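For the sequence shown, the working numbering begins at 1 and goes up steadily by one. Even for Gly, the Cβ is constructed at its ideal location relative to N, Cα and C. Everything numeric in this text was worked out from a predicted model, so none of it was measured. Heads up, the thing below is written out as structure tokens.
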Amino acid sequence: MGKLSVNKKHIDTILVLDFGSQYTQLIARRIRESNVYSEILPWDIDEKKIQDLNPKGVVLSGGPNSVTDSHTPRIPQCIFELNIPILGICYGMQTLAEQMGGQVVSVDKKEFGHTSLDVENDSVLFKDINKTINVWMSHGDQVQDLPDEFDLIASTKTAPIAAMQHKNLPIYAIQFHPEVTHTQDGHVLLENFIFEICHAHTDWKMDDLISSRIKEIKEQVQDNKVLLGLSGGVDSSVTAALLHKAIGKKLVCVFVDNGLLRKGEAEQVMQTFKENMQLNVVKSDSQETFLRHLKEIEDPEQKRKIIGRTFIDVFDAEAMKLKDIRFLAQGTIYPDVIESSGSESKEARVIKSHHNVGGLPEDMKLDLVEPLRDLFKDEVRKIGIELGIPKEMIERHPFPGPGLGVRILGEVTKEKTKILQNADHIFIEELIRADLYNTVSQAFAVLLPVKSVGVVGDERRYAEVIALRAVETVDFMTARWAQLPYEFLEHVSNRIVNEIEAVSRVVYDISSKPPATIEWE
Ligand code: XMP
């Protein structure tokens, strides 16, 4: 299958070499926010790939390992041979120090959180930054002896060598994390590196991106027809809008209503894309098919598989009715494809596979169009807004492919789906009204497989239990339960039990991930 290949040979690139930190993607996002293109490669990638990228500079990410153990990741020799600026962060600093002849030791107590940093020496890395700043630390090891060729730049109480730079070469290293917002002026430090040290150009701008993508899509698909599975999620919606702008009615979207969407979502998708934006959308009303296949199925994984398979069958059946399709578009985004040394992106890839259309018959011989393949979610959102997709669709919390199927614990029925849709709608509506929606990363209701006794007036009611879940997270791999105000929760709970007769009790989930996952199934 051919892919939309974006030629970036001509634009300045900062390579982020990944040592497995949870912040690796954040480093690349921050660089791109400064309008410089950045790409992530794992530390053990084939050297040729690094050379092909022809970077202007390299940032070495943090990572969970200790350089005091043998067989832990090291910077490949080719990085030094490129003769370009290097910035090591956390583990990146430690391995740099060790590889250049310094000494790294494990400290008794892992340092995690805010600390005050004193800049000791004039360094272009700290240009326009105060001499004392608050920084974010997260490490167990630290540099004890500077390598010979290095000068100290900054220190903290617990880490006397918290930043260092090479005497002659543009090689810098810091123990703290400039990519997280907790570090004061972290973005200034990163910009000092990319502009003052790497002299990178601002080639990465969102406004140019839409027009160049449209041009690339036109070149790739020519006069041919393109098929897209539209789910109503951000990625497929933006893919649809972009393709529509490029090729108009030659794009055919298939929207499968599986009956497991949020309340009013199917109508909203059709209203937005078909009525307002005039896209060519075929809707498949398949609620009954999904319910039939899910009948008496209680096991979560089995439900997931059935929903995934049914989706593919329905989508294929619709696609087979269409004539002369040559391309299949997918809303794949950068975090889905990053090859990482950590486990995160791999997990993300598995998650994405739930959305992907895997079963189209071979004889359809479709080539792939993936115009968002190198973009982060926030970049995709910006494009979506530019293309006129309503803000509330673009800023919506993520929603799992199997939808309410994994939020109705146990067997899925039409009645339960309706109860859950109504409860979820109340929760989300109130979050928006109280201006809390954007303070949490994901919020939803879950229908539990138990009944509970309640009293309404003089009557006892044996009815359903709704659990509310709201979490704060950066990467969805770890998450904290959101500490929503008690008054707010009380109000939501009152509305749910008053407005939905079938519910007698509402509980709030106060589990973080790990050990609990975000979804209940
Ligand atoms: P967990 O429950 O694994 O969820 O902590 C992490 C994130 O992934 C979403 N999720 C899924 N998304 N298909 C999807 O497309 C799935 O089967 C699935 N399971 C979980 C979940 O909503 C959260 O954002």
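Inset, instruction - Assign V252 to one of three DSSP states: helix, strand, or coil. - result: strand
Legend entry - DSSP bridge partner residues for A443 (one or two, in chain order): A470
Legend entry - CB contact flag (I79, L169, <8 Å): no
Inset, instruction - Could you tell me if P515 is buried or exposed, where buried requires 16 or more neighbouring beta carbons within 10 angstroms of its beta carbon? - result: So P515 counts as exposed.
Inset, instruction - Tell me P42's beta-bridge partners as DSSP assigns them. - result: D18
Inset, instruction - Kindly indicate the opening and closing residues of the alpha helix (DSSP H) around G137. - result: The question names Gly, but residue 137 in the sequence shown is Met. Note, M137: premise wrong, no alpha helix (DSSP H); beta strand (DSSP E) at 132-145.
Legend entry - Beta-carbon proximity of I129 to D207, cut-off 8 Å: no
Legend entry - Residue of E265, D257, D299, K274 minimising C-alpha distance to T289: D257
Legend entry - Closest residue to F327 among L375, I306, Q142, P371 (Cα-Cα distance): P371
Inset, instruction - Could you pull the start and end residues of the alpha helix (DSSP H) that Y334 belongs to? - result: 334-337
Legend entry - DSSP-derived helix/strand/coil call for F376: Coil at F376, not helix or strand.
Inset, instruction - Could you tell me which uninterrupted beta strand (DSSP E) segments, each at least 3 residues in length, are contained entirely in the region 177-245, listed from first to last along the chain? - result: Along the length of the region 177-245, whole beta strand (DSSP E) runs at least 3 residues long occupy 225-229, reported in chain order.
Inset, instruction - Compare the C-alpha of T115 against each of T183, G92, K56, L60 and name the closest. - result: T183
Inset, instruction - May I ask you to report which of helix, strand or coil DSSP gives D458? - result: coil
Inset, instruction - Would you list the one or two residues that DSSP bridges to S155? - result: D118
Legend entry - Cα-Cα separation, T181 to V135: Their backbone Cα atoms lie some 9 Å apart in a straight line.
Legend entry - Reduced DSSP category for L82 - H, G, I as helix; E, B as strand; rest coil: coil
Inset, instruction - Tell me whether P85 is buried or exposed, calling it buried when 16 or more other Cβ atoms sit within 10 Å of its Cβ. - result: Buried.
Legend entry - Residues near G384 in its chain [Cβ-Cβ closer than 7 Å; skip 5 each side]: A distance below 7 Å between beta-carbons, with the five flanking residues on each side excluded, links G384 to the following residues of its chain, in chain order: V234, S237, V238, A241, I394.
Legend entry - Three-state secondary structure (DSSP) of I518: coil
Legend entry - ligand 1 heavy atom lying under 7 Å from the CB of V406: Correct: V406 has its Cβ closer than 7 Å to ligand 1.
Inset, instruction - Say yes only if the C-beta of K303 is nearer than 7 Å to one or more non-hydrogen atoms of ligand 1, and no if none qualify. - result: no
Inset, instruction - Consider the C-beta atom of K377 and the heavy atoms of ligand 1; say whether any pair is separated by less than 7 Å. - result: no
Inset, instruction - Excluding the 5 residues preceding and the 5 following V105 in the sequence, name in chain order all residues of the same chain whose CB lies nearer than 6 Å to its CB. - result: Apart from sequence neighbours up to five positions away, the residues of its chain that approach V105 with a beta-carbon distance below 6 Å are Q144, ordered along the chain.
Legend entry - F427 beta carbon near ligand 1 (any heavy atom closer than 7 Å): no
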